[in-house]
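The letter at position 202 of the sequence shown is residue 202 when you use UniProt numbering, and the numbering goes up by one with no holes.
Every residue gets a Cβ at the ideal spot worked out from N, C-alpha and C, and that includes glycine.
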Amino acid sequence: MKKNVLIIGAGGVAKVVAHKCAQHNDELGRIAIASRNISKCQAIIDSVKAKGSLKEPADIKAFSLNAMDVEATKALIRETGSQIVINVGSAFLNMSVLRACIDTGVAYLDTAIHEEPGKICETPPWYGNYEWKHLEECKEKNITAILGVGFDPGVVNAYAALAQQQYFDRIDSIDILDVNAGSHGKYFATNFDPEINFREFTGQVWSWQNSQWTSNTMFEVKRTDDLPVVGAQNLYLTGHDEVHSLSKNLGVPNVRFWMSFGEHYINVFTVLKNLGLLSEQPVKTAEGLEVVPLKVVKAVLPDPSSLAPGYTGKTCIGDLVKGTKDGQPREVFIYNVADHEEAFAETDSQGISYTAGVPPVAAALLVARGEWDVQRMANVEELPAEPFLKALDVMGLPTRIKDENGDRPWN
């Protein structure tokens with residue numbers, strides 16, 4: 001059984017991961033946190049201790065690490081005796097950290113697809129451009145590498161697998177609906193790394209429709225849904241990681257991702273984009289200084305981790321699945337509702353970080369127990385959904401289902 005966890009990253013999601021690992025350190029063993037900024041790692045450790053999150057008395061150690069340096073990452077894995085690496089740093093780190101895990105023979109988990117700084121919205125399927133190139137190597141070397149095991153991607157992939165296995169004979173469409181109905185009180189901010197956040201929305205919107213890739217522009221396609229707890233919401237067709245694996249692995253002809261946006265967000269985003277301030281390509285100032293506009297915007301916006309105190313409201317994220325069962329049309333919504341204030345009370349983090357940070361720890365527990373230690377590379381929908389969702393039920397992200405029989409806990 002694998003144990004001892006190395007957390008790479010020190011943002012809001014990493015804080016949640018650290019709290020949840022601490023709550024289960026009887027199974028997960030020693031915990032280490034590594035980032036370029038060791039003071040952020042120490043602040044997370046201080047939060048874990050202040051909240052009394054450690055289930056068993058233990059030290060959590062902080063390390064300074066440039067995770068783009070494969071050899072340094074390998075050395076730290078060996079130094080800490082870690083057998084499970086949870087990568088919640090920048091999406092730019094994925095391939096370096098994966099390489100280090102393969103070379104040291106340890107389990108790898110991440111929450112987002114790999115990206116290259118100078119490229120946005122590459123040709124689908126995105127996993128095929130990077131992670132899936134290592135499928136055979138992971139299989140040959142018995143490396144457990146679980147891709148995209150946050151909430152979306154991650155939990156929503158498990159919802160899709162559950163729907164296919166239990167609720168439908170044939171699925172015609174999966175629409176992933178992501179709503180944050182919370183308020184952080186700032187004029188404008190993003191809930192996670194602004195650079196990664198904006199990159200999702202500045203290129204083509206790729207969706208899987210009629211069993212082929214379809215391209216739209218951001219905010220071109222809109223829908224309105226009346227959802228549990230959060231009510232009526234406007235959602236927009238958006239490109240997202242899980243579409244790129246679900247379209248390959250489940251054989252469903254229509255897989256789309258929708259995210260809610262308020263008018264204020266859309267207006268500010270549109271101005272920034274039209275001014276060229278969301279570009280990932282370097283420009284020179286009149287003084288000859290080379291800067292990346294997107295990085296400048298990131299620098300002036302609030303740090304997402306600073307949004308947690310005073311964040312109110314709830315999130316609602318789930319899969320609206322349509323198809324047939326026993327020859328009859330069927331529609332099922334499998335979802336979770338999370339509360340920003342409850343997340344902060346438990347982990348000093350807002351709800352978006354909470355929903356992204358709890359699932360990789362649930363996955364790490366399943367790896368430690370052997371249930372998900374599959375010794376190959378896999379996306380979440382390829383793994384048993386029930387143990388994952390059952391773990392989440394008791395870890396703060398309970399699953400509900402709404403269908404013709406009402407709205408209820410899934411299990």
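### Query
When the Cα of residue 242 is compared with those of 396, 319, 293 and 262, which residue comes out closest?
Residue 242 sits at position 242 when you count from the first residue of the sequence shown. Scanning 396, 319, 293 and 262 for the CA closest to the CA of residue 242 turns up 319.
### Residues near residue 185 in its chain [Cβ-Cβ closer than 7 Å; skip 5 each side]
Numbered from 1 along the sequence shown, position 185 holds the residue referred to as residue 185. Cβ neighbours of residue 185 beyond the five flanking positions: 310.
### Query
Between the stretch 98 to 110 and the stretch 207 to 226, are three or more C-beta pairs nearer than 8 Å?
no
#### Entry: Inter-stretch contact (C-beta, 8 Å, three-pair minimum) for the stretch 363 to 371 and the stretch 122 to 134
no
#### Entry: the stretch 263 to 277 in contact with the stretch 290 to 308 per 3-pair CB rule at 8 Å
yes
### Message
Report the CB separation of residue 363 from residue 351 in whole angstroms; it is logged as a contact under 8 Å.
### Response
By 1-based counting over the sequence shown, the position of residue 363 is 363. By 1-based counting over the sequence shown, the position of residue 351 is 351. Residue 363 to residue 351, Cβ: 19 Å. No contact.
### Task
Could you tell me if residue 330 is buried or exposed, where buried requires 16 or more neighbouring beta carbons within 10 angstroms of its beta carbon?
As a working mapping, residue 330 is identified with position 330 in the sequence shown. Classification for residue 330: buried.
### Query
Just the Cα atoms here: how many angstroms apart are residue 71 and residue 100?
Here residue 71 corresponds to residue number 71 of the sequence shown, with the count starting at 1. Here residue 100 corresponds to residue number 100 of the sequence shown, with the count starting at 1. For residue 71 and residue 100, the distance between alpha carbons rounds to 7 Å.
### Message
When you compare the stretch 153 to 168 with the stretch 379 to 388, are there three or more beta-carbon pairs, one atom per stretch, that lie closer than 8 Å?
### Response
Between the stretch 153 to 168 and the stretch 379 to 388 there are three or more C-beta pairs closer than 8 Å, enough to call the two in contact.
### Message
Within the continuous alpha helix (DSSP H) that includes residue 500, where are the two ends?
### Response
No answer is possible for residue 500: the residues shown for the chain start at 1 and end at 411.
### Query
Does the distance from the CB of residue 225 to the CB of residue 237 come in under 9 Å?
In the sequence shown, the residue the question calls residue 225 occupies position 225. In the sequence shown, the residue the question calls residue 237 occupies position 237. Taking 9 Å as the Cβ cut-off, residue 225 and residue 237 do not qualify as a contacting pair.
### Message
For residue 260 and residue 393, what's the separation of their Cα atoms in angstroms?
### Response
Numbered from 1 along the sequence shown, position 260 holds the residue referred to as residue 260. Numbered from 1 along the sequence shown, position 393 holds the residue referred to as residue 393. In a straight line, the C-alpha of residue 260 is about 25 Å away from that of residue 393.
### Task
Give the secondary structure of residue 409 by DSSP, where H, G and I count as helix, E and B as strand, and everything else as coil.
Reading the sequence shown from its first residue, position 409 is the one you call residue 409. Strand.
### Message
Tell me which residues share the same chain as residue 87 and place their Cβ nearer than 6 Å to its Cβ, disregarding the 5 neighbours each side in the sequence.
### Response
Reading the sequence shown from its first residue, position 87 is the one you call residue 87. Closer than 6 Å at the Cβ level, and outside the excluded window around residue 87, lie 8, 97 and 110.
### Query
Between residue 143 and the rest of its own chain, which residues show a CB-CB distance below 6 Å, the 5 nearest in sequence each way excluded?
By one-based count along the sequence shown, residue 143 stands at place 143. Closer than 6 Å at the Cβ level, and outside the excluded window around residue 143, lie 102.
### Message
Check whether the stretch 188 to 203 and the stretch 168 to 177 are in contact - that is, three or more C-beta pairs closer than 8 Å.
### Response
no
### Query
Can you tell me the Cα-Cα spacing of residue 354 and residue 15, whole angstroms?
Locating residue 354 in the sequence shown gives position 354, counting from the first residue. Locating residue 15 in the sequence shown gives position 15, counting from the first residue. Whole-angstrom Cα-Cα distance: 9 Å.
### Query
Along the chain, where does the beta strand (DSSP E) that runs through residue 315 open and close?
The sequence position of residue 315 within the sequence shown is 315, counting from 1. Element bounds for residue 315: 314 to 325.
### Task
Could you name each continuous alpha helix (DSSP H) segment of 4 residues or more that falls completely within the stretch 270 to 318, going from the start of the chain to the end?
293 to 300
### Query
Is it a yes or a no for the stretch 73 to 81 touching the stretch 47 to 55, going by three-plus beta-carbon pairs under 8 Å?
no
### Task
Go ahead and pull the three-state DSSP assignment for residue 247.
Residue numbering aside, residue 247 sits at position 247 when the sequence shown is read from its first letter. Reduced to three states, the DSSP call for residue 247 is helix.
### Message
Is it buried or exposed, residue 397, if we count other Cβ atoms within 10 angstroms and call 16 or more buried?
### Response
If you number the sequence shown from 1, residue 397 lands on position 397. Buried.
### Query
Going along the chain, which unbroken runs of the beta strand (DSSP E) with 3 or more residues stay wholly within the stretch 42 to 66?
60 to 64
### Task
Could you check the C-alpha separation between residue 4 and residue 122 for me, to the nearest Å?
Taking the sequence shown and counting its residues from 1, the one referred to as residue 4 is at position 4. Taking the sequence shown and counting its residues from 1, the one referred to as residue 122 is at position 122. Looking at the two C-alpha atoms, the distance is approximately 35 Å.
### Task
Work out the CA separation of residue 380 and residue 36 for me, nearest whole Å.
Sequence index remark: in the sequence shown, residue 36 carries index 36 (1-based). Sequence index remark: in the sequence shown, residue 380 carries index 380 (1-based). Their backbone Cα atoms lie some 29 Å apart in a straight line.
### Query
With which residues is residue 147 paired in a DSSP beta bridge?
Position 147 of the sequence shown holds residue 147. Bridge partners of residue 147: 379.
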